[in-house]
Amino acid sequence: MKLKILATTLVSSAAACPGSPSFMHAKCDMSVVFQNSCPEVVAEITGRVSSADWSDHHNGGTYTITASSDTSIAGQRVTGDKKYTDKFDFILTAGDGTCTVEACSESQVSSLIDYSTNYCNLHSLYCNSADDCTTVGTELTYAESYSSCSQHDNVCVVKALHSPMMQAKDDEPCCNSCLVEGEEKYFSVDTRADLCGESCMTPSDFPKYKIFEKGLEKADKDNMCESLGYPVYTETEVHGFGPIKATVDSYAHDSKSYKLMNEVECVAPTVECVYNDAGDSQCCTQGEFCVPGVGCRC
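What follows is the structure in structure tokens.
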């Protein structure tokens, strides 16, 4: 009996995932139990995507519903910078006054670290006013449980297009300095989530992680993310699975260094560098280049 239940659970979970052409990719697979009817859940999720009064608060992505019925929803989200497309599915099962949903979002390219992007692809479509989310019809009450969704920090609203600053956390980062013998500091800037990550690893592991995190580079200082304009520590998470996993400190902009587009006035010969989809900008001097996700660099 236990084996049968386990098999049923695995089939149900897998059925909710849209799949990906990439063998190694980030995803979020979870169950959500709503204290609402399934028709209410379907109407709210599809209503947000179609409403002119609702917009994605996670870096201004664009949602599309590709299929919808009483028991399932399929769609995709294109990131705000138009570079990446993630696909998602919702499978709904009605209960006695409740609705159980198997939800899954998967990146369509090779990736290991997504800074909760796949989680937010799903969460943003049903979160409620208690999460500071905008609803279009029904206030949904829900509880989430995670099957394969290691990165599910709720940055979905905090990273709103015009409220991009993260809040610093009280816990301590793991990787200010690499204290384990043989390990060195590496960093990556995620242009989709507009966050910077730092991790300690052995140089021999770098090529392996570089396959799945294209932006991973060797750091030349301990405070690498701060030097790139991401001084606010937000969280430490373990990214990846099995033998390919790393402990990563995440950093975000602060309210003083973060400038929205048109808030920076560049005086010639400097030129404005708008370096991410949130509209951050800096004034680049002669000889500097505008680096996406980073800013002005020589």
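Note that the working numbering gives residue 337 to position 253 of the sequence shown, counting from 1, and the numbers run on in steps of one.
Backbone N, C-alpha and C define an ideal beta-carbon position, used for all residues, glycine too.
Just so you know, these numbers come straight off a predicted model, no measurement behind them.
### Message
Any heavy atom of the ligand NAP inside 6 Å of the beta-carbon of His337?
### Response
Looking at this structure, you won't find the ligand NAP or any other ligand, since it has none at all.
### Task
Take Thr150 as the anchor and find which of Lys167, Thr130 and Asp137 has the nearest alpha-carbon.
Ranking the options by Cα distance to Thr150, first place goes to Thr130.
### Message
With DSSP as the reference, identify every bridge partner of Ser334, one or two as the case may be.
### Response
Note: Ser334 sits in a beta bridge opposite Gly281 and Glu319.
### Met114 in three-state terms, based on DSSP
In the three-state DSSP reduction, Met114 falls in the strand class (E or B).
### Message
Taking a contact to mean a Cβ-Cβ separation below 7 Å, would you say Gly183 touches Asn120 in this structure?
### Response
The sequence as given places Cys at residue 183; Gly does not occur at that position. For the 7 Å CB-CB criterion, Cys183 and Asn120 form a contact.
### Query
Does the pairing of the stretch 126-146 with the stretch 199-215 give three or more beta-carbon distances under 8 Å?
The stretch 126-146 makes contact with the stretch 199-215: 3 or more CB pairs, one atom from each, lie closer than 8 Å.
### Task
Pull up the distance between the alpha-carbon of Met285 and that of Gly181, whole angstroms please.
Each residue's Cα considered, the two are about 49 Å apart.
### Message
Using the Cβ count rule (16 or more neighbours within 10 Å means buried), how would you classify Leu263?
### Response
Counting Cβ neighbours within 10 Å, Leu263 comes out exposed, since fewer than 16 surround it.
### Paired residues, beta bridge with Gln160 - DSSP
DSSP lists Thr148 and Lys171 as the bridge partner or partners of Gln160.
### Query
Lys136 by DSSP, collapsed to three states: which one?
The question names Lys, but residue 136 in the sequence shown is Ala. Three-state result, Ala136: coil.
### Message
Is the separation between the beta-carbon of Asp333 and that of Thr320 shorter than 7 Å?
### Response
Result yes, Cβ atoms of Asp333 and Thr320 sit closer than 7 Å.
### Message
On the CB-based measure, 16 or more other CB atoms within 10 Å of its CB, does Gly221 come out buried or exposed?
### Response
Under a 10 Å Cβ-count criterion, Gly221 is classified as exposed, with fewer than 16 other Cβ atoms of the shown protein chains found around its own Cβ.
### Query
So, helix, strand or coil for Phe271, using DSSP?
Strand.
#### Entry: Burial state of Glu223, where buried means 16 or more other Cβ atoms lie within 10 Å
Burial call: exposed.
### Query
Tyr293 by DSSP, collapsed to three states: which one?
Under the three-state reduction of DSSP output, Tyr293 falls in the helix class.
### Query
Excluding five sequence neighbours on each side, which residues of the same chain lie with their C-beta closer than 6 Å to the C-beta of Pro315?
The residues are Asp338.
### Message
With distance defined between alpha-carbon atoms, name the residue in Ser283, Asp274, Ser288 and Ala187 nearest to Ser261.
### Response
Closest by alpha carbon: Ser283.
### Task
Could you check what DSSP says for Tyr342 in three-state terms: helix, strand or coil?
A caution first: Tyr342 carries a pLDDT of 45, below 50, which makes its placement in the model too unreliable to give a value.
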